[in-house]
Structures are given as structure tokens and as C-alpha cells.
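Residue numbers (our numbering), protein chains in the order written: chain A, 1 to 151; chain B, 1001 to 1264.
Where is the CB? At the ideal position from N, CA and C, for every residue including glycine.
The structure presented is a predicted model; accordingly, all values stated were derived computationally and were not measured.
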């Protein structure tokens, strides 16, 4: 059932746990915004500024847990993590202090739109949000390829 | 005491050592150039001193302590590095990039203080890049980017700076600009170690020249000692002539074109 994740499980009852996990882990990840900024310049650069392998492992743990919390509730919904940070980087710049919260909110907005589209375009049937994001993701990458080959 | 010391260092890439039994030392306050033919191991030596390459045998020590037992952040607070290229250049502004230099001085739980901001401003001023502060890195020219990289290094540490070919793709005015900056930093106490391709620039600016060939130290000493045609010719396997630079009184060298040798 790839790309078939949806919000059918969404209830106010799961909101507190979900929000608590996400906010704590997001806050923790935000502490590492400088590490991520430095790592985006490459491994040698990061090493010379004192970023260690242990730092990188901590970042991976935190990111994996955040993904796990989301997947455990909504299932597999692809492409959001590829499209949204890319767009946010172009709008808000590459500094992770701004990029991380904007990507998190942007991802939420994008998914809400996709879910709404999935519930309305093929009435009375419902298309899972994951299918819509997959479709959007495909289009987005075709657009990127088109733009890169122009340059 | 020597600031940086290498003892019998062999290092390189997995399975192939580029450096063979290098023993060298660098004193605090020195301005040293690493010269030598392509593939001699200059960049490898610099990366070994910077901690990017771990020696397969031998030891590098900094202030008498082996590099492998120094905390990464503590080392980064002392030694800053400007590589020849960066693997990736994300769309950061110049100020955002220079600020990264403060990283080893901060913990994840601390914010930049006014002291940090002052150091960042001062670093940009010294490198002469204040007017570029809001420009995006990718939009800078090669010469501007190099100065910005040095400003970033200064924000990290102005005690020791290692540079890999800082002027190799710059025109003469930008080359002299970068070298003048390094010279003025050195006069105020910064230890500078730079890989240089231009022997004459090395001669004019550096206290000491270390020449590498085939992964070994071929010659080491003052410009007057190393830039001798007998050494330079064997170092590069090229016929060279050495004169005195009439302005700096330092030796200066140029290669003799092949057509002059055959058509006597």
C-alpha cells in the first residue's frame, strides 16, 4: 500500500500525544540548526568547525523519531519531505533556524490541501492524501528537471 | 615549543599513502608556504594537519598534544581552515556564512552574544567584505568569495589559519589583495600556513617555504635558501632561472621555455 497514507485516523483524541511528541522533538532538532547549516557545506567543512560524528548521529535519531511519529499515525505519505523544504529554502533562505519551522508548517498546510483535494475531486469516492502528494511530487520534479535543462 | 609538529607521518587515501614519513614542525607566528609540483601531496599534508585526513602512521601534534586526543571543538577554536573548494554552496548570505565561524564557541543551548556579533563584524571588516554582507554566496566573484571565506575563518579563529591554494584562480590584483590580508593578519600574530602554486608570491610574502615532491619534504627553509635554481629545477624537473626581485629583494624565478633550449 505504498503512497496510500491518509488522515482517516485523525481524531481530537490523538492530538495531544501527537502534538507533544512532535513539539518536543522539533524543539530538540532546532537546537541543532547550526550543525545543519554547517553540514550543508560538506563533510570537510563541518569537521574543521568541530561538528562530530556523534552530533550527526543525534540529528539522525531525532529526524527518524519525528518521521516515525508521523508514519505511525498517517501511514506512508511520500514526497512531502522532498518538495516542501525545497520550496521553503527558496522562499526563506537556507538558514535552518527559519527553514525547519517553515518546512514543518508548510508541510502541514500542503497536506491539509492535499487531503481536502482527495476528499472532494472524485466525490463520492475519497482519494488518499498520499496519492495526491505522489501526483504533486511527480509534477514538481518534472518541473525541476525542465527548469534545470533550460539552464 | 613548536605549535604544530608532524613526526614520521604517512597519510593519504585508503590503500594508498600520498605522504611518506613526513617530519615537520611549524612555530607560532610563522607564515609558511607549501609548494611543489602537482600531486606532490601539498593538499594531503594540509588536510592531515587540519584533521580531515587521519595519518595511517606517525603522529600530528598541536601545542604538544596529539591531534587524536584533542576535542574537535577545542581544536576548531584554535585552527581555522579554508579549503580550495567547498563541496556544496547553499544559498546563504555573506553574514550568515561568516556567522558559522562562531560555531565552535557556542553550545546548542547558547545564543550568539554581542561579543560574538562584534567578532563577526570585526572579521568582515578586516577581510574588507562588509559591503558584501547581504549578497548571496553563489553570486560573488571568485576573489570576493575567497575574501569571504577568510572572513569566515577569522570569525572562527585568528590564531592559526590553514589555506589550500587561496589564490590559484584569482587575477593578480585579487591575489595581491588576499596575500596582503594574510600578511597583515600574520603581522598581528596569526600563524598562517598556505598551499601556494605561485613560487614568487610565496617568496615575497612568506618567512618559510616547505617544498614537497613525491610525498616527501624536498626542501625547507627561508625563500633565499629554497628558491635556488639547483633546488627549483630538481623540484619541478624544469629548467629555471632565479633572479632577485628588485622591489622586495626576495628571490624570484621563472621557467625557461623549451624553444630557447633547443634553438641555440
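Check, Outcome
"Residue 1202 of chain B classed as buried or exposed, judged by whether at least 16 other C-beta atoms fall within 10 angstroms", "buried"
"Where the segment 1086-1103 of chain B meets chain A: residues whose CB sits under 8 Å from a CB there", "1086, 1087, 1088, 1089, 1090, 1091, 1092, 1093, 1096, 1100, 1101, 1103"
"Inter-residue CB distance, residue 1205 of chain B and residue 1031 of chain B (contact presumed, cutoff 8 Å)", "7 Å"
"Interface flag, residue 1071 of chain B vs chain A, CB-CB below 9 Å", "yes"
"Residue 1005 of chain B: first and last residue of the uninterrupted beta strand (DSSP E) it sits in", "1004-1013"
"Burial state of residue 8 of chain A, where buried means 16 or more other Cβ atoms lie within 10 Å", "exposed"
"Residue 101 of chain A - containing alpha helix (DSSP H), residue span", "96-120"
"DSSP-derived helix/strand/coil call for residue 71 of chain A", "helix"
"Chain A residues whose Cβ lies nearer than 8 Å to that of residue 1051 of chain B", "47, 48"
"Beta-bridge partners of residue 1244 of chain B, as assigned by DSSP", "B:1251"
"C-beta neighbour in chain B for residue 148 of chain A, strict 9 Å", "no"
"CB of residue 53 of chain A within 9 Å of CB of residue 1076 of chain B, strictly", "no"
"Spatial distance of residue 1 of chain A from residue 87 of chain A (CA atoms)", "At residue 1 of chain A, the pLDDT of 49 sits below 50, so the modelled position is not reliable and the matter cannot be decided from this model."
"Straight-line gap, residue 1249 of chain B to residue 1009 of chain B (C-alpha atoms, nearest Å)", "35 Å"
"4 or more residues per run - each alpha helix (DSSP H) lying fully within the segment 20-61 of chain A", "33-39, 43-48"
"Three-state secondary structure (DSSP) of residue 1074 of chain B", "helix"
"Residue 1017 of chain B (DSSP reduced to helix, strand or coil)", "strand"
"Residues within the segment 84-97 of chain A neighbouring chain B, beta-carbon criterion of under 9 Å", "89, 90, 93, 94, 95"
"Closer than 8 Å at the beta carbon, the chain B residues around residue 34 of chain A", "1100, 1103, 1106, 1108"
"Residues that DSSP places opposite residue 1065 of chain B in a beta bridge", "B:1062"
"Contact under 9 Å by Cβ, residue 29 of chain A with residue 63 of chain A", "yes"
"Residue(s) in a DSSP beta bridge with residue 1164 of chain B", "B:1195"
"Simplified DSSP assignment, three categories, for residue 1 of chain A", "Note that residue 1 of chain A scores 49 on pLDDT, short of 50, meaning its location in the model is unreliable; the coordinates nonetheless yield the value given after this. Coil at residue 1 of chain A, not helix or strand."
"Among A:35, A:133, A:25, nearest to residue 66 of chain A - alpha-carbon criterion", "A:25"
"Chain B residues whose Cβ lies nearer than 7 Å to that of residue 40 of chain A", "1088, 1090"
"For residue 1178 of chain B, the nearest candidate out of B:1055, B:1147, B:1065 (CA to CA)", "B:1147"
"Residues bridged to residue 1057 of chain B [DSSP beta-bridge criterion]", "B:1010"
"Residues that residue 1146 of chain B contacts on chain A, provided the C-beta gap is smaller than 7 Å", "Within 7 Å Cβ-Cβ: nothing; residue 1146 of chain B doesn't reach chain A, min ~15 Å."
"9 Å Cβ cutoff, residue 1156 of chain B in contact with chain A", "yes"
"Extent of the continuous beta strand (DSSP E) to which residue 1106 of chain B belongs", "That residue, residue 1106 of chain B, is in no beta strand (DSSP E); it is neither H nor E in DSSP."
"Residue 1126 of chain B beta carbon less than 9 Å from that of residue 1112 of chain B", "no"
"Residue environment, residue 134 of chain A, which counts as buried when at least 16 other CB atoms sit within 10 Å", "buried"
"Residues of its chain near residue 92 of chain A, where Cβ-Cβ distance is below 7 Å and the 5 sequence neighbours each way are ignored", "98, 99, 102"
"Cβ neighbours of residue 1215 of chain B in the same chain (closer than 6 Å, five flanking residues each side left out)", "1018, 1019, 1020, 1041"
"Cα-Cα separation between residue 39 of chain A and residue 45 of chain A, rounded to whole angstroms", "7 Å"
"Limits of the unbroken beta strand (DSSP E) element including residue 1177 of chain B", "Premise fails: residue 1177 of chain B lies in the alpha helix (DSSP H), 1172-1187, not in any beta strand (DSSP E)."
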